[in-house]
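Notes follow once the structure below has been shown.
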Amino acid sequence: MLVNYLIIAYRNLLRHKVFSAITISGLAISMSAFLLIWQYVYFEKSYDSFHEQGQYLYRIDRITEKNGEKLNEGNQTALAHGPALKEDLSEVADFCRLHPAYGETIVSYENHNYKEHNLYYVDASFLQMFTFPLLKGDKNAVLGEHNSLIISESTAKKYFREQDPIGKTLTIHDLGGKHLYMVKGIFADVPANTALTEDVHDKKNIKFDFLLSNHEITQLNFYRNDPWEWTNFITFVHLHPWADPATVQTKLNLLGKKYTSKGMAKAGLEVKNFLKPVLQIHTHAHINLVTGVSTLSETGKTIVYLSIIALFILGIGYINYINLSTARAMERAKEVGIRKVVGASRMQLIKQFLLDAILISAIAFVVAITTVQLALPYYKRFTGKAIPSIWQYGPEFWGMLAMVFILGAILSGV
Numbered sequence: 001m002l003v004n005y006l007i008i009a010y011r012n013l014l015r016h017k018v019f020s021a022i023t024i025s026g027l028a029i030s031m032s033a034f035l036l037i038w039q040y041v042y043f044e045k046s047y048d049s050f051h052e053q054g055q056y057l058y059r060i061d062r063i064t065e066k067n068g069e070k071l072n073e074g075n076q077t078a079l080a081h082g083p084a085l086k087e088d089l090s091e092v093a094d095f096c097r098l099h100p101a102y103g104e105t106i107v108s109y110e111n112h113n114y115k116e117h118n119l120y121y122v123d124a125s126f127l128q129m130f131t132f133p134l135l136k137g138d139k140n141a142v143l144g145e146h147n148s149l150i151i152s153e154s155t156a157k158k159y160f161r162e163q164d165p166i167g168k169t170l171t172i173h174d175l176g177g178k179h180l181y182m183v184k185g186i187f188a189d190v191p192a193n194t195a196l197t198e199d200v201h202d203k204k205n206i207k208f209d210f211l212l213s214n215h216e217i218t219q220l221n222f223y224r225n226d227p228w229e230w231t232n233f234i235t236f237v238h239l240h241p242w243a244d245p246a247t248v249q250t251k252l253n254l255l256g257k258k259y260t261s262k263g264m265a266k267a268g269l270e271v272k273n274f275l276k277p278v279l280q281i282h283t284h285a286h287i288n289l290v291t292g293v294s295t296l297s298e299t300g301k302t303i304v305y306l307s308i309i310a311l312f313i314l315g316i317g318y319i320n321y322i323n324l325s326t327a328r329a330m331e332r333a334k335e336v337g338i339r340k341v342v343g344a345s346r347m348q349l350i351k352q353f354l355l356d357a358i359l360i361s362a363i364a365f366v367v368a369i370t371t372v373q374l375a376l377p378y379y380k381r382f383t384g385k386a387i388p389s390i391w392q393y394g395p396e397f398w399g400m401l402a403m404v405f406i407l408g409a410i411l412s413g414v
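Just so it is clear: in the sequence shown, position 357 is 357 by the UniProt record's numbering, and no numbers are missing.
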């Protein structure tokens with residue numbers, strides 16, 4: 001019976017070529033716009049979702065106040081923050097600190113010098129907390145030794161061509177001099193959808209290519225003299241699975257004065273720290289885990305607006321299809337009358353009309369996917385985002401699309 005319905009629906013398409021072309025084109029255009037916008041939205045929401053322990057990872061953000069008034073905010077913390085958090089809070093399983101290299105850094109290998117902007121000094125726990133696949137080397141050891149570093153796959157090709165980089169030495173011109181670092185590992189290029197270094201105000205997010213052991217930078221005199229004074233580190237904590245983030249935040253609120261340097265306290269300043277879930281760094285400006293109140297970032301607001309626009313465009317496409325179908329109501333009425341005369345039931349007629357709508361939606365969907373794939377290179381340049389091909393998305397993305405389009409086809413068919 002289903003095959004018979006399909007044959008009839010197909011014949012209806014061929015019999016009314018102009019109507020079919022107009023309805024399919026209208027739906028395909030609206031679906032194409034929907035898919036392009038939805039891909040952008042889905043990509044923006046996917047930031048840092050690839051970390052295996054992502055639900056337990058938090059960044060320490062801070063607000064500096066004077067007499068109860070906010071002076072500034074950011075994600076910069078002191079050298080001592082990480083160790084202090086692990087010591088004071090039993091819920092903290094581990095911590096990791098990132099420290100950017102100071103400005104433009106010269107990296108040398110043999111007789112070649114390169115200007116780099118994407119170097120970070122990190123704790124040895126970095127690769128245990130975050131999921132950045134190591135292609136060569138032991139993630140439990142590569143950053144544990146003094147003067148060791150790991151580099152991205154593309155950086156390895158840039159510096160060493162076809163040679164094996166492991167054991168090779170790079171000269172890093174930073175920290176007031178030249179320092180030799182041995183390559184201990186190679187990690188896969190950092191995905192575009194990560195926002196670990198993204199600041200509250202400055203949305204610039206550096207995709208690191210060099211990760212250096214942080215022993216040398218933590219030994220600088222101005223850090224050792226007062227480990228709370230200089231706030232140049234980005235600190236992350238890994239909470240135990242049993243830990244309640246709201247409870248941790250409540251405890252953190254009570255540690256404000258302890259985590260304020262003597263110099264800042266003397267100036268009447270107080271630092272307040274906040275846990276920000278790594279999974280929400282890109283989409284939220286502020287999150288209060290105690291009250292549950294959160295504020296969307298500009299990116300988060302854009303995602304909401306674009307989602308509404310995408311659904312509106314798709315809805316307009318289906319409304320246009322319904323209007324065109326209504327215009328043919330008199331012609332279809334004759335068809336319905338003849339079918340009733342020959343014994344067709346009401347349910348059979350409903351199934352036929354539904355199948356007509358689903359077939360048109362399916363053809364429009366195929367046209368839309370083809371259009372989106374052809375337009376993707378231009379769309380990526382337009383948005384400045386490394387949006388993947390639609391075929392690279394997982395079952396969740398496709399399931400959501402299937403639900404939206406089937407629902408639209410059923411509503412328009414009814």
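We put the beta carbon where it would ideally sit given N, CA and C, even for glycine.
Task: Cα-Cα separation, residue 395 to residue 35 - done: Walking along the sequence shown from the start, residue 395 turns up at place 395. Walking along the sequence shown from the start, residue 35 turns up at place 35. The straight-line gap from Cα to Cα measures roughly 16 Å.
- [ ] Kindly indicate which three-state DSSP category residue 341 falls into: helix, strand or coil?
- [x] Position 341 of the sequence shown, counted from the first residue, corresponds to residue 341. Confidence in residue 341 is poor, its pLDDT being 49 and thus under 50, which makes the residue's placement unreliable; the coordinate value appears in the next sentence. Look at residue 341 here: in three-state DSSP terms it is helix.
Open item on the list: Rounded to whole angstroms, what is the Cα-Cα separation between residue 158 and residue 180?
Closed with: Position 158 of the sequence shown holds residue 158. Position 180 of the sequence shown holds residue 180. Rounded to whole angstroms, the gap between the alpha carbons of residue 158 and residue 180 is 18 Å.
- [ ] Drop a sphere of 10 angstroms on the beta-carbon of residue 366, count the other beta-carbons inside from all chains shown, and report buried for 16 or more, exposed for fewer.
- [x] Indexing the sequence shown from 1 puts residue 366 at position 366. Residue 366 counts as exposed, since fewer than 16 other C-beta atoms from the protein chains shown sit within 10 angstroms of its C-beta.
TODO: Could you pull the start and end residues of the beta strand (DSSP E) that residue 184 belongs to?
DONE: Position 184 of the sequence shown, counted from the first residue, corresponds to residue 184. Run containing residue 184: 177–187, per the beta strand (DSSP E) assignment.
TODO: Report yes or no: do three or more beta-carbon pairs, one from the region 114–131 and one from the region 92–100, lie closer than 8 Å?
DONE: Contact between the region 114–131 and the region 92–100 is present, because at least three Cβ pairs lie under 8 Å.
Open item on the list: Does the region 301–321 come into contact with the region 261–274, if we say contact requires no fewer than three beta-carbon pairs (one atom in each stretch) closer than 8 Å?
Closed with: Touching, no.
Open item on the list: I'd like to check one pair, residue 210 with residue 166: are the Cβ atoms closer than 7 Å?
Closed with: By 1-based counting over the sequence shown, the position of residue 166 is 166. By 1-based counting over the sequence shown, the position of residue 210 is 210. Result no, Cβ atoms of residue 166 and residue 210 do not sit closer than 7 Å.
Task: beta strand (DSSP E) segment containing residue 83, residue limits - done: In the sequence shown, the residue the question calls residue 83 occupies position 83. In this chain, residue 83 is not harboured by any beta strand (DSSP E); it is covered by the alpha helix (DSSP H) spanning 81–88.
- [ ] With DSSP collapsed to three states, give me the class of residue 118.
- [x] As a position in the sequence shown, residue 118 is number 118, starting the count at 1. Residue 118 falls in the coil class under three-state DSSP.
Task: Neighbourhood of residue 65 by C-beta distance below 6 Å, restricted to the same chain and skipping five residues each side - done: The residue you call residue 65 lines up with position 65 of the sequence shown. Same-chain partners within the cutoff: 270.
Open item on the list: Going by DSSP, what residue range makes up the alpha helix (DSSP H) through residue 248?
Closed with: Within the sequence shown, numbered from 1, the residue matching residue 248 stands at position 248. Counting along the chain, residue 248 sits inside the alpha helix (DSSP H) bounded by residues 245–253.
TODO: Pull up the distance between the alpha-carbon of residue 71 and that of residue 296, whole angstroms please.
DONE: As a first step, residue 71 must be located in the sequence shown, where it is residue number 71. As a first step, residue 296 must be located in the sequence shown, where it is residue number 296. C-alpha separation (whole angstroms): 21 Å.
TODO: Report yes if the CB atom of residue 79 is closer than 7 Å to the CB atom of residue 223, and no otherwise.
DONE: In the sequence shown, counting from the first residue as 1, residue 79 sits at position 79. In the sequence shown, counting from the first residue as 1, residue 223 sits at position 223. Yes, they are a contact pair.
Task: Member of 185, 235, 163 and 184 whose CA lies at the smallest distance from the CA of residue 196 - done: For the purposes of this step, residue 196 is taken as the residue at position 196 of the sequence shown. It is 235 whose Cα lies nearest to the Cα of residue 196.
Task: DSSP beta-bridge partners of residue 397 - done: On the sequence shown, residue 397 is found 397 positions in, with the first residue counted as 1. Residue 397 is bridged by DSSP to nothing; it lacks a bridge partner.
TODO: For residue 50, I'd like the list of residues in its chain whose CB is within less than 7 Å of its CB, leaving aside the five on either flank, ordered along the chain.
DONE: Looking up residue 50 in the sequence shown gives position 50. For residue 50, where only same-chain residues beyond five positions count, the Cβ hits under 7 Å are 131 and 191.
TODO: Could you name the residues of the same chain whose beta carbon sits closer than 7 Å to that of residue 255, not counting the 5 residues immediately before and after it, in chain order?
DONE: For this step, residue 255 is matched to residue 255 along the sequence shown. Here the set comprises 88.
Task: Assigned secondary structure, residue 166 (DSSP; H/G/I helix, E/B strand, else coil) - done: The sequence position of residue 166 within the sequence shown is 166, counting from 1. In this structure, residue 166 counts as coil in the three-state DSSP scheme.
- [ ] Alpha carbon to alpha carbon, how far is residue 229 from residue 207? Give it in angstroms, no decimals.
- [x] Indexing the sequence shown from 1 puts residue 207 at position 207. Indexing the sequence shown from 1 puts residue 229 at position 229. A direct Cα-Cα distance of roughly 27 Å separates residue 207 from residue 229.
- [ ] Would you give the residue range spanned by the beta strand (DSSP E) that residue 266 belongs to?
- [x] The residue given as residue 266 occupies position 266 in the sequence shown. Per DSSP, residue 266 belongs to no beta strand (DSSP E); it is in the alpha helix (DSSP H), 262–266.
TODO: Mind checking which residues open and close the alpha helix (DSSP H) that includes residue 159?
DONE: Your numbering for residue 159 matches position 159 in the sequence shown. Element bounds for residue 159: 153–160.
Open item on the list: Using a 10 Å radius around the Cβ and a threshold of 16 neighbouring Cβ atoms, would you call residue 184 buried or exposed?
Closed with: Position 184 of the sequence shown holds residue 184. Counting every other CB atom within 10 Å of its CB across the protein chains shown gives residue 184 a total of 16 or more, marking it as buried.
Open item on the list: Given this structure, state the Cα-to-Cα distance separating residue 324 from residue 26, to the nearest angstrom.
Closed with: Numbered from its first residue, the sequence shown carries residue 324 at position 324. Numbered from its first residue, the sequence shown carries residue 26 at position 26. In this structure, the straight-line span from the alpha carbon of residue 324 to that of residue 26 is close to 10 Å.
TODO: With a threshold of 16 other CB atoms inside 10 Å of the CB of residue 155, please say whether the residue is buried or exposed.
DONE: Taking the first residue of the sequence shown as position 1, residue 155 is located at position 155. That one is buried.
Task: Given 8 Å, three or more beta-carbon pairs between the region 373–393 and the region 28–45 - done: Verdict: yes, contact present.
Task: Whole-angstrom distance between residue 160 and residue 301, CA atom to CA atom - done: Here the question's residue 301 lines up with position 301 in the sequence shown. Here the question's residue 160 lines up with position 160 in the sequence shown. Going by the C-alpha atoms only, they are around 43 Å apart.
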